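Quick notes on the structure that follows.
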Amino acid sequence: MSAHAVELPDEVVTKALLSVIELPFGAGPAALITLDNGHDHTRPNTFGPAGLASLDAAIDAALAKDGLAAVLVTGKPFIFAVGADLSGVKHASARDQAVALGREGHRVFRRLGELPVPSFAFVNGAAMGGGLEVALHCTYRTVSSSAAALSLPECFLGLVPGWGGAYLVPNLVGADRAVTVVIDNPLNNNRQLKPKQALELGLFDRMYDAADFLEESIAWAARVLTGAEPVERAEVDRSPEVWAAAVARGRAIADAKSHGHAPAPYRALALLEGARTATRDEAFAAEDEALADLVMSEELRAGLYAFDLVQKRAKKPAGAPDKKLARPVTKVGIVGAGLMASQLALLFAQRLEVPVLMTDLDQSRVDKGLAYVQGEIDKLLAKKRVTPDKANRLKALVTGSTSKDGFADADWVLEAVFEEMKVKQQVFAEVEAVVSDTCVLATNTSSLSVTEMARDLKHPERVVGFHFFNPVAVLPLLEIVRGEQTDDATLATAFAVGKTLRKSSVLVKDAPAFVFNRLITRALGAVTAAMDAGTPIEVADAAVEPLGLPMSPMMLLGLVGPAVALHTAESLHEAFPDRFGASPGFQALVAAGKTGVYTWDGGRQQVDPEVVAMFAPKEGAGAAPTAQQVLDQARSALAEEIRLMLDEGVVAAPEDIDLCLLLGGGWAFWNGGITPHLDREGVSERVTGRRFLPKGVASLP
Amino acid sequence: MARPARDVVFVDGVRTPFGKAGPNGIYAQTRADDLIVRLIRELMRRNPQLPPERVDDVAVAATTQTGDQGLTIGRTAALLAGLPNSVPGYAIDRMCAGAMTAVTTTAGGIAFGAYDITIAGGVEHMGHHPMGSGVDPNPRFLSERIVDPSALNMGNTAENLHDRFPQLTKERADTYSVGSQDKTAKAYADGKLQPDLVPMAIRSAEGAWGYATVDEPPRPGTTVEGLAGLKTPFRPHGRVTAGNAAGLNDGATACLLAAEDVADELGLPKRMRLVSYAFAGVAPEVMGVGPVPATEKALAKAGLTIDDIGRFEVNEAFAVQVLAFLDHFGLADDDPRVNPRGGAIAVGHPLASSGVRLMINLAREFEEHPEVRYGLTTMCIGLGMGGTVIWENCATEDTK
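Protein sequences, first through last, are from chains A and B.
All residue numbers for the first sequence refer to our numbering, where the first residue is 12 and numbers rise by one.
All residue numbers for the second sequence refer to our numbering, where the first residue is 4 and numbers rise by one.
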């Protein structure tokens, strides 16, 4: 352990346990190292300083044995190792600590590739980041056909594969495949490799079934050692052209995702680029430097904060009542059979596996909704996502009617009708006449008051907001809205249903447009205001790139539909006219029936000239805002709005705001959602007088 | 309809190394079903010409059919081994003769025409399932004297056997046991046992993986003097000791059986042909004598006499029980045809798995000795039974 490295007092130490085994086929004795932190698979192996020291010591002990034929490394059941203990990164407060962290990992791991005897990694289960790097340092590798997750996710978090991965992967499988593993997969929602894919990429030499993976891996190692089974690998094309093309592909992926605002993928690309000619020592030293720079970067701290939110806070929603209060849901009613309602019916049937009854005003709408559901189930069947039996079961679960009488034995009725308070109140009154006293009445409203909707009911305490994001099957966020009279049992039931639907729920107070729509509309307002003031549409649209939205505001507008977005904007304008402006250009766009501001002409995205005319500034307007001014305005608007929402108690904490943006909108990890970005840029202090999060929570200490 | 009986052949057999039962044994952290699963997979790997869907049944024996030996272990093992869903399986229990019964029962099915190919085996993890755990004997056994109180303890039944045959002294038992250890050590040294041992990945209590390649129980170098002083746990000044009995063990065995015509069709090796089998009951308190009537019965069915038998694989639950068999048939204590590769006193006796271990040994003896035409496998069984299977050597040129 070097003097500068961070020590982790609470490290769950992954021990490297050594045993000496006799290999079959007379291949001699081998040292078998098991990585095991003493917990079951729910607490995977990770490497902190003590874990690295244990592996170091195990290698020493192995080398002390006489006549050793090989060193073998494997994991505990279901887990190989999932990388560095990230608390080490969080605790690093100075760059020399960060450098030491990288060096120590390199020093220990590279020993596996520089032993006097061959080394073998038997990847029996999940291997991510530093875990996969352990395997990559070994001379040979096998993988279990059931290994759950294989990846180098560093760029997803804001790091680089800095314990050898950025050098070893391209030199093992070539630059292009390395870009897939190091850049493309991490930046695409941290996509994992399946064992077969990892084998085909060349990351592994052999794949064996889980049933007797270790035994067969040991037998293979023995055959390799005796020369009975030569190991052939595809030769890496090291030509500068091929290498440069791969790096260019990686750069295009990084640009598309972060427009240069996330440093990690670019640092990783520089390492991949250098790996063609660098010596091992040079490459590992460069990894140490990149790792240290990133560990000491604001973007990484924000990324780790975001990761923690989606891994932990999303699973234990702040403010949710005791789970035991939740009532069982054995039948679901959906009021409405439109597209959203039909998507919801399918989702409830798939996840809750209980009967789902859709109702609408006339039979033709009901039939259309049912046809949609059946069609989607057929698509799932065609893609083999469900078995024929399961498809039959799902189809039988979803029924339709023009009468609400079938809701009598439902425990949960969700309305997804037109966004109009009177309509929704009437629907709930009709439903209440049929259902039991405890049946939950949930509304998928995106902007109307849940309290208001419940006011005239006999049992207003059973009404709860249950706000999905479109497309409902894809986006993981669910805003659960507590009305003034909503009781704990109803709320607990809503959280339980949300969990069964595999959504991440955030508890929200009954306030206009709740969290996500309120903030996105506020940001959008800054952009449309600039457009109304004469800033060219493409300039205003691109100006907010540093906010880390997955797509530009105007592309998002096209996806959601301008009419829907305008409806939300207008309801917020009504609630908060001084902060949510009414954009004349936006109104004209919707009035003209436009589906967006861009057209696709000859495969190129261009601003629709008719739309340009709609945003023409009025006579006497001042100078059009610059891109920087648009960005400043959007940041200030977000900071102001978030402060107000926190003060109003819309959510429990800034973390919930960030969670909503990360899950509901796919906002960037390197901004930690948005509050770390606003704190980092000094916007929160300038606009609201204080930070959202204390220093060190989502930033450097 | 005409239903010609088909000949049944033993194609291949494998076993795990046997371990000592208990918290320090090699399999303390290994599941019983994982042992048998490994063997099924190895049988399929060793016989790639056999399409997995051609296996008609998987019969797996275990004495204690709960926990990791429960849930109809033949079926669960088949599923866990990756055999197709279409391959059924079931569980069998005849205590020590479980695997032997899995062989005879499915062989009967083959002969009848119900099966073409079966996998038969057994597993016993006596560390996870100590003898007698979870049993609930009917009180009538004792109240009506249906069995002697000593009948439920195998060590006591062995002492009873010494009483019945006073010429079977402790000295003879110890001498026989030393021979078993010596023959086992020699078989290992000559590399005769290893080819059918399937190495198992094992885990220490701390979590370290290991690799078991050989039996854990043997004590090479055992001497008669060394055995003389051992405690007699079943009776004060008794005769049965840990040294002249098999231990408490963990392990599994499995074999592949086929109709002879199907073996020919698929090109599967034919190691030995089933001639006859028989099970017989005796007084439960002297269960060790069971192999005698079982063998008499099997010989009679085959139309053979003891003189026709060139190799004997006798399970060694207790030395005294082997000696009772040898005395009855007029065989010497050190007859070289008996257990030439050693026996359970050395390698261990994981109850329901031992029957197939005997067959594996016999098949290898036949391979080495084409001149030996007939052999038998026999064992005593708790609650007063014996089982014997007589086999014909397929390597003997004039057998067909």
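Glycine included, C-beta positions come from ideal geometry on N, C-alpha and C.
As the structure is a computational prediction, the values presented were derived from the model and not from experiment.
I want to see whether chain B comes within less than 8 Å of D47/A, judged by CB atoms only; does it?
The residue given as residue 47/A occupies position 36 in the first sequence. Using a CB distance cut-off of 8 Å, D47/A counts as an interface residue toward chain B.
Determine the closest residue to T226/B out of T308/B, G246/B, L38/B and M388/B, with distance taken between C-alpha atoms.
As a first step, residue 226/B must be located in the second sequence, where it is residue number 223. Checking every option, the nearest Cα to that of T226/B belongs to G246/B.
Pick from D253/B, Q184/B, L302/B and T216/B that is closest to Q197/B, judged by C-alpha positions
Along the second sequence, one-based indexing puts residue 197/B at 194. In this structure, T216/B is the residue among D253/B, Q184/B, L302/B and T216/B with its C-alpha nearest to the C-alpha of Q197/B.
Taking buried to mean at least 16 other C-beta atoms within 10 Å of its own C-beta, is D552/A buried or exposed?
For the purposes of this step, residue 552/A is identified with residue 541 of the first sequence, where counting begins at 1. When all chains shown are included, D552/A counts as buried.
Of the residues V11/B, N396/B, A322/B and G385/B, which one's Cα is nearest the Cα of F168/B?
On the second sequence, position 165 is the one that residue 168/B refers to. Among V11/B, N396/B, A322/B and G385/B, the Cα nearest to that of F168/B belongs to A322/B.
Within the 8 Å Cβ cut-off, does T237/A reach chain B?
By one-based count along the first sequence, residue 237/A stands at place 226. No, T237/A does not count as interfacial toward chain B.
Cα-Cα separation between R106/A and V694/A, rounded to whole angstroms
For the purposes of this step, residue 106/A is taken as residue 95 along the first sequence, with counting starting at 1. For the purposes of this step, residue 694/A is taken as residue 683 along the first sequence, with counting starting at 1. Taking the straight line joining both Cα atoms gives about 26 Å.
Does the CB of K87/A have a neighbour CB from chain B at under 8 Å?
By 1-based counting over the first sequence, the position of residue 87/A is 76. True, the Cβ-Cβ gap to chain B drops below 8 Å.
6 Å Cβ shell around T298/B - same chain, five flanking residues per side excluded
Within the second sequence, numbered from 1, the residue matching residue 298/B stands at position 295. If we look at T298/B and ignore the five residues flanking it on each side, its Cβ neighbours are T381 and T391.
Under 7 Å from any heavy atom of the ligand NAD, does the C-beta of F168/B make it?
By its list of ligands, the structure shown contains no ligand whatsoever, and the ligand NAD lies outside what it can speak to.
Residues bridged to R404/B by DSSP?
For chain B, the structure presents residues 4 to 403; residue 404/B sits outside this window and is missing.
Between the CA atoms of V119/A and A279/A - distance to the nearest angstrom:
Taking the first sequence and counting its residues from 1, the one referred to as residue 279/A is at position 268. Taking the first sequence and counting its residues from 1, the one referred to as residue 119/A is at position 108. Using only the alpha carbons, I get a separation of about 21 Å.
Taking a Cβ distance cut-off of 9 Å, strictly less, list which residues of the region 200-213 of chain B are near chain A, in chain order.
If the cut-off is 9 Å between Cβ atoms, the region 200-213 of chain B has V201, P202, M203, A204, R206, S207, E209, G210, A211, W212 and G213 near chain A.
Where the region 66-89 of chain B meets chain A: residues whose CB sits under 9 Å from a CB there
Flagged, chain order: L83, A84 and G85.
Looking at the C-beta of D71/A, does it have a partner C-beta in chain B at a distance below 8 Å?
Here residue 71/A is taken as the residue at index 60 of the first sequence, counted from 1. The beta carbon of D71/A does not come within 8 Å of any beta carbon belonging to chain B, so the residue lies off that interface.
Assign L326/B to buried or exposed, taking buried as 16 or more other Cβ atoms, counted over all protein chains shown, within 10 Å of its Cβ.
Residue mapping note: residue 326/B aligns to position 323 of the second sequence, counting from 1. With 16 or more Cβ atoms within 10 Å of its Cβ, L326/B is classed as buried.
Could you tell me the distance, in whole angstroms, from the CA atom of D47/A to the CA atom of N56/A?
Against the first sequence, residue 47/A aligns to sequence position 36. Against the first sequence, residue 56/A aligns to sequence position 45. It is roughly 6 Å from the alpha-carbon of D47/A to the alpha-carbon of N56/A.
Presumed contact (8 Å Cβ cut-off) between T413/A and D378/A, rounded CB distance:
Position 402 of the first sequence, counting from 1, holds the residue named residue 413/A. Position 367 of the first sequence, counting from 1, holds the residue named residue 378/A. Your pair T413/A and D378/A does not check out as a contact, with CB atoms roughly 10 Å apart and the cut at 8 Å.
Contact with chain B by W174/A, beta-carbon distance below 8 Å:
Locating residue 174/A in the first sequence gives position 163, where the first residue counts as 1. No, W174/A does not count as interfacial toward chain B.
Check whether the Cβ of L204/A lies closer than 8 Å to any Cβ atom in chain B.
Your numbering for residue 204/A matches position 193 in the first sequence. Among the CB atoms of chain B, none fall inside 8 Å of the CB of L204/A.
What residues match up with N396/B in a beta bridge as DSSP calls it?
In the second sequence, residue 396/B corresponds to position 393, counting from 1. The beta-bridge partner set that DSSP reports for N396/B consists of M275/B.
If I follow the unbroken alpha helix (DSSP H) through A347/B, where does it start and stop?
In the second sequence, the residue the question calls residue 347/B occupies position 344. Under the DSSP assignment, A347/B falls in the alpha helix (DSSP H) whose first and last residues are A347 to V350.
Grouping DSSP H, G and I as helix and E and B as strand, with all else coil, what is T237/A?
Residue mapping note: residue 237/A aligns to position 226 of the first sequence, counting from 1. Here T237/A sits in helix by DSSP.
Could you name each continuous alpha helix (DSSP H) segment of 4 residues or more that falls completely within the region 211-244 of chain B, going from the start of the chain to the end?
Complete alpha helix (DSSP H) runs here, min 4: 227-231.
Is the region 339-348 of chain A touching the region 514-534 of chain A, taking contact as three or more C-beta pairs under 8 Å?
Taking 8 Å as the limit for Cβ pairs, the verdict is that the region 514-534 of chain A does not touch the region 339-348 of chain A.
Classify W681/A as helix, strand or coil using the three-state DSSP reduction.
As a working mapping, residue 681/A is identified with position 670 in the first sequence. Correct three-state label for W681/A: helix.
Inter-stretch contact (C-beta, 8 Å, three-pair minimum) for the region 132-152 of chain A and the region 176-189 of chain A:
These segments touch.
Do you know how far the Cα of R206/B is from the Cα of I229/A?
Here residue 229/A refers to the residue found at position 218 when the first sequence is read from its first residue. Here residue 206/B refers to the residue found at position 203 when the second sequence is read from its first residue. CA-CA distance, I229/A to R206/B, rounds to 15 Å.
Identify each residue in the region 36-49 of chain B for which the Cβ-Cβ distance to at least one residue of chain A is less than 7 Å, and report them in chain order.
Hits within the stretch, in order: V40, R41 and R44.
Per the DSSP calculation, M369/A is bridged to which residue(s)?
Taking the first sequence and counting its residues from 1, the one referred to as residue 369/A is at position 358. For M369/A, the beta-bridge partners assigned by DSSP are I345/A and G411/A.
Starting from the beta carbon of T399/B, find every residue of chain A whose beta carbon is closer than 9 Å, and list them in chain order.
Position 396 of the second sequence, counted from the start, is the residue given in the question as residue 399/B. What T399/B touches in chain A: nothing, since even the nearest Cβ is about 32 Å away.
Can you tell me whether DSSP reads P40/A as helix, strand or coil?
What you label residue 40/A is simply residue 29 of the first sequence in a count that begins at 1. When secondary structure is reduced to three states using DSSP, P40/A falls in the strand class.
Could you have a look at E127/B and say whether DSSP puts it in helix, strand or coil?
Here residue 127/B is taken as the residue at index 124 of the second sequence, counted from 1. Three-state DSSP puts E127/B in a strand.
Taking only three categories from DSSP, how would you classify H117/A?
Translated into the one-based positions of the first sequence, residue 117/A becomes position 106. If DSSP states are grouped into helix, strand and coil, H117/A belongs with the helices.
Local conformation of C671/A per DSSP, three classes
Residue numbering aside, residue 671/A sits at position 660 when the first sequence is read from its first letter. Correct three-state label for C671/A: helix.
Contact criterion: CB-CB distance below 8 Å. Does T216/B meet it with respect to chain A?
In the second sequence, the residue the question calls residue 216/B occupies position 213. With 8 Å as the cut-off, T216/B counts as an interface residue toward chain A.
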